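Numbering (this note's numbering), first residue to last: -9 to 159. Glycine included, C-beta positions come from ideal geometry on N, C-alpha and C. Quick caveat: nothing in here was measured; it's all calculated off a predicted structure.
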Amino acid sequence: MSSEGPGGRMAPVTSEEFRHACGRFPTGVTVASVLDAEGAPHGLTVSSFTSVSLNPPLVLICLGHEVTTIGLFRAARYFGINVLAENQQGLSERFARKNGDRFNGLEWHPGATGVPLLPGVLAAIECAVVQRFISGDHDILVGEMVSARVAAGEPLIHFASRYRRLASG
């Protein structure tokens, strides 16, 4: 853990300490998606997703600068959020892989804005980008929700570097 350094200042938190501490906060798991200029779908697993505002209905996602699709999200007018159900761990793992066409052979359909949406998700959300900014080593994209479809079911949860399920009860 961090401790006081020279001059009574706190020593910086290491990347490992940061990941360990943040990993103690359970999150849902989503696949963020966009289309490229040729209309091909792209996406990646994102757990940094949250609601921002009710009026207007805003959400945000955070994408690391090392993400191979960061340029596509930076150029996009719209992005999609696919909230994964507890039985979709395989989709999360597929979209978390580096490189390769994550949509190859995968069923999907275009939403009203054209963004790729996945079947069987708990929520399929379409957003118009309203703000982009850089903070640290991530881009933060704020989107206004322009369409949403929800379904019944239980969420896929990520906690302490492992996938989890809600307890029955």
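For the pair of segments examined, the region 28 to 37 was found to touch the region 92 to 112: the number of CB pairs separated by less than 8 Å reaches three. In this structure, the beta-carbon distance from threonine 20 to valine 36 falls below 7 Å.
Isoleucine 71 is bridged by DSSP to Ala22 and Ile115.
When secondary structure is reduced to three states using DSSP, leucine 62 falls in the helix class. If the five residues before and after arginine 84 are omitted, its C-beta is found closer than 7 Å to the C-beta atoms of Arg92, all from its own chain and listed in chain order. In the structure shown, histidine 55 adopts coil according to DSSP, grouped into three states. Unbroken alpha helix (DSSP H) runs of no fewer than 4 residues, entirely contained in the region 78 to 158, are found at 79 to 86, following chain order. Around the beta carbon of leucine 156, fewer than 16 other beta carbons lie within 10 angstroms, which makes this residue exposed.
Phenylalanine 8: member of the alpha helix (DSSP H) spanning 5 to 12, first to last residue. Within the same chain, Cβ atoms closer than 8 Å to the Cβ of asparagine 89 are found at Thr58, the five residues on either side in sequence being excluded. Excluding sequence positions up to five before and after glutamate 144, its CB lies within less than 6 Å of the CB of Glu76 and Leu156, all in the same chain and listed in chain order. Considering only Val111, His99, Leu62 and Val136, the residue with the shortest C-alpha distance to aspartate 129 is Leu62. Beta bridge pairing from DSSP links glycine 33 with Ser23. For tryptophan 98, same chain residues with a beta-carbon under 7 Å away, outside a window of 5 residues either side, are Pro31, Pro106, Leu107 and Leu108 in chain order.
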